[in-house]
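S.K.: Residue numbers (my numbering): 2 to 524. Structure provided below as structure tokens; questions to follow.
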Amino acid sequence: MPTIAAVRRSPRVSGETTVVADQIVSSPQKRRLRSNPTTDDSLVTSSLTPSPCKWKSPRRCVNDSPKTPPNANRGDKAVIMSKSPVKRRLSESFLAKPMWNPRDMEQLNAVKQALHVSRAPSNLVCREVEQNRVLEFCKQAVEQEKAGSLYMCGCPGTGKSLSMEKVNQVLVNWAQESGFQAPDTLSLNCSSLSKTSDIFSKILDKIQPRRKLNSRTSPLQYLQKMFSEKQQTAVTKMLLIVADELDYLITKDKAVLHELFMLTTLPFSRFILIGIANAIDLADKFLPKLQSLNCKPAVITFRAYSKDQVISILQQRLNAFPYTVFQPQALELCARKVASASGDMRKALWICRSAIEMLEAEIRDSINSLDLPSLHGGVSDQPRDGAYDKSLIHESNVVRVDHVAIALSKAYRSPVVDTIQALPQHQQIILCSAVKLFRGKKKDATIGELNISYLDVCKSTLIPPVGIMELSSMCRVLGDQGILKVGKAREEKLCRVTLKVDEADVTFALQGIRFFRNCLQQS
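As structure tokens, then:
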């Protein structure tokens, strides 16, 4: 029989059939809607009409494309992989460990000690490059028995002194294993010297402890003579001099600092001098002179810690405990603020300890509120304790973001803000009036002009104003506190007034009061 041509009809919504080569093929919509197939449905061949790919809702997974299989990129793994390595490790450590118990004094004291500034970690992270450079310098000096000088500079709390301590330990072990004679070490904090020239006496006492000098010869002259010519009792060991807080040796003529570095250039010198200071520009100030004297030191700069480095260092101290102390978001907030402000790791440790103390105070207050005998006269203590354990343990076991935020506000709060907040109301109104008056290019005004602005503010708040003489007296009081600067004139109202504090400090101090906030927001 001849083949019947295919009759095609456009399928309706109700689900019409299409005849193709003597076969009945259901439309995809009809096949999906049919729940109880009949006998005729056995002729349906789904292979001839492949089902279209199902588009997924964008709510299913942010990282999926519409045609991604349903089981792909699902679960916590996709969320964790989207984070940076430091954040991922922080989240994983938070999920892997149980919560700590801050009510346990042993755990509380252990965490506080681990976060103390004086507690040096066994391994200093994030400073491997700088430590290796200092170590290679010291190794080369010991191997060649050649004197030299090195200058380590950087902002406070960037690991300079701690890195030097670790390098000294590694240097001694390396010298013993390699068959070299380990150098003697003299560690000095120059801020503790009564006179800058006393550093030469310390060096001489380390080399010859019982040596007595006559009044004509100074310790510096004796050291210069000792290492300028070869003597029978020559010093065989190298001496590693670590001079911390080196900027305290800077005098008007910088003579002590120059003479100290020149000791390393003497013909038979055995000194390895390493100076440490916070001032980064100190090298630029004295290096040209030292270069002319042929005793220019090598310079290693310790950069401020970044946010990820602060998190890594805090994690290193907290990973020793089998429990979680901080929320990941709390550590990240602390690290972000410290890195943006100064990169001082000591400040970050102080903030973490302060946040723990706030959690401790919060728990103490909650316990005291639950133990009020007047409110629970006929109730036994046991049900109260049980209810306390169930409701509060999981909520207050970790240091949260709000604890760290309060600690940050205490650490970076300006003393000017505290002074402004403690002022009487009318003096605060005067400051608010001065800020509004000095906005723009105007830097100063007379007391008469300030009085007009002050009257406008009082009028808008329905506060009775004071007279111009009393306002002038209040300006003098603010001048004594360093907030305003008041000049002199023949008439009181002609005295010039200048704002000596930052406008942002005044705004921050008064933003908690709605009246001042609205007043300062007005142009």
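All C-beta atoms in this analysis are idealised placements derived from N, C-alpha and C, irrespective of residue type, glycine included.
#1: For Asn133, count neighbouring C-beta atoms within 10 Å of its own C-beta (all shown protein chains included) and say buried if the count is 16 or more, exposed if not.
#2: Quick one: give me the first and last residue of the beta strand (DSSP E) that Ile281 is part of.
#3: Please classify Arg211 as buried or exposed, where buried requires at least 16 other C-beta atoms within 10 Å of its C-beta.
#4: Label Lys78 either buried or exposed according to how many other C-beta atoms from any shown protein chain fall within 10 Å of its C-beta, with 16 as the threshold for buried.
#5: Determine the burial state of Glu230: buried for a count of at least 16 other Cβ atoms within 10 Å of its Cβ, exposed for fewer.
#6: Leaving aside the five residues before and after Gly160 along the sequence, list all residues of the same chain whose C-beta is less than 7 Å from its C-beta, in chain order.
#7: Sort Tyr249, Ala280, Ile242 by Cα distance to Ser193 and report the nearest one.
#8: Could you tell me the alpha carbon to alpha carbon distance between Gln428 and Asn519, rounded to whole angstroms?
#9: Could you tell me if Lys338 is buried or exposed, where buried requires 16 or more neighbouring beta carbons within 10 angstroms of its beta carbon?
#10: Quick one, which of Tyr306, Cys433, Lys238 has its alpha-carbon nearest Val502's?
#11: Since I believe Pro184 is in contact with Val143 (beta carbons under 8 Å), could you give me their beta-carbon distance rounded to a whole number of angstroms?
#12: On the CB-based measure, 16 or more other CB atoms within 10 Å of its CB, does Asp366 come out buried or exposed?
#13: Here's the rule: buried if 16 or more other CB atoms are within 10 angstroms of the residue's CB, otherwise exposed. What is Ala490?
#14: Measuring alpha carbon to alpha carbon, tell me which residue in Thr462, Cys459, Ile469, Phe509 is nearest Gln422.
#15: Which ranges would you report for the beta strand (DSSP E) in the stretch 117-187 if only whole runs of at least 3 residues count?
#16: For a test of the three-state rule: what should DSSP assign to Thr508, helix, strand or coil?
#17: Starting from the Cα of Glu493, find the closest Cα among Pro268, Met475, Asn279 and give me that residue.
#18: Out of Lys444, Tyr152, Pro465, Thr447, point me to the one whose CA is closest to Glu246's CA.
#19: Helix, strand or coil for Ala408 per DSSP?
#20: Just reading off the alpha helix (DSSP H) that Leu261 is part of, what are its end residues?
#21: Using a Cβ-Cβ cutoff of less than 8 Å, which residues in the same chain neighbour Leu456 once the five nearest sequence positions on both sides are dropped?
#22: Give me, in chain order, the residues of the same chain whose beta-carbon lies closer than 8 Å to that of Leu451; leave out the 5 immediate sequence neighbours on both sides.
#23: Can you give the Cα-Cα distance for Lys255 and Leu136, rounded to whole angstroms?
#24: Can you tell me whether Ala305 is helix, strand or coil according to DSSP?
#25: With H, G and I counted as helix, E and B as strand and the rest as coil, what does DSSP make of Asn369?
#26: Looking at the unbroken alpha helix (DSSP H) that takes in Asp503, where does it start and where does it end?
#27: Would the beta-carbon of Gly488 fall within 7 Å of that of Cys496?
#28: Between the stretch 397-410 and the stretch 316-335, are three or more C-beta pairs nearer than 8 Å?
#29: Could you tell me which residues DSSP puts in a beta bridge with Ala244?
#30: Check the C-beta distance from Ala340 over to Ser313 and give it rounded, since I have them as a contact under 8 Å.
#31: Closer than 7 Å by C-beta to Glu131: which residues in its own chain qualify, once you throw out the five before and the five after it? Chain order, please.
#32: Within 10 angstroms of the Cβ of Thr218, are there 16 or more other Cβ atoms? Answer buried if so, exposed if not.
#33: Under the rule that 16 or more other beta-carbon atoms within 10 Å means buried, what is Glu333, buried or exposed?
#34: According to DSSP, Ala299 sits in a beta bridge with which residue or residues?
#35: First and last residue of the alpha helix (DSSP H) that includes Asp206?
#36: Expressed to the nearest angstrom, what Euclidean distance is found between the alpha-carbon atoms of Ala342 and Cys156?
M.R.: Straight from the coordinates:
#1: exposed
#2: Unbroken run through Ile281: none, as it is neither H nor E.
#3: exposed
#4: Because Lys78 carries a pLDDT of 39, less than 50, the predicted location of this residue cannot be relied on, and the following value inherits that uncertainty. With fewer than 16 other Cβ atoms within 10 Å, it is exposed.
#5: exposed
#6: Leu125, Arg128, Phe303, Met346
#7: Tyr249
#8: 17 Å
#9: buried
#10: Cys433
#11: 6 Å
#12: exposed
#13: exposed
#14: Phe509
#15: 149-155
#16: helix
#17: Met475
#18: Tyr152
#19: helix
#20: 256-263
#21: Pro466
#22: Ile431, Ser434, Ala435, Leu438, Leu472, Cys476, Val498
#23: 28 Å
#24: coil
#25: helix
#26: That residue, Asp503, is in no alpha helix (DSSP H); it is neither H nor E in DSSP.
#27: yes
#28: yes
#29: Leu189, Gly276
#30: Rounded, the Cβ-Cβ distance is 12 Å, inconsistent with contact.
#31: Ser164, Ile301, Phe303
#32: exposed
#33: buried
#34: Leu151
#35: 199-208
#36: 12 Å
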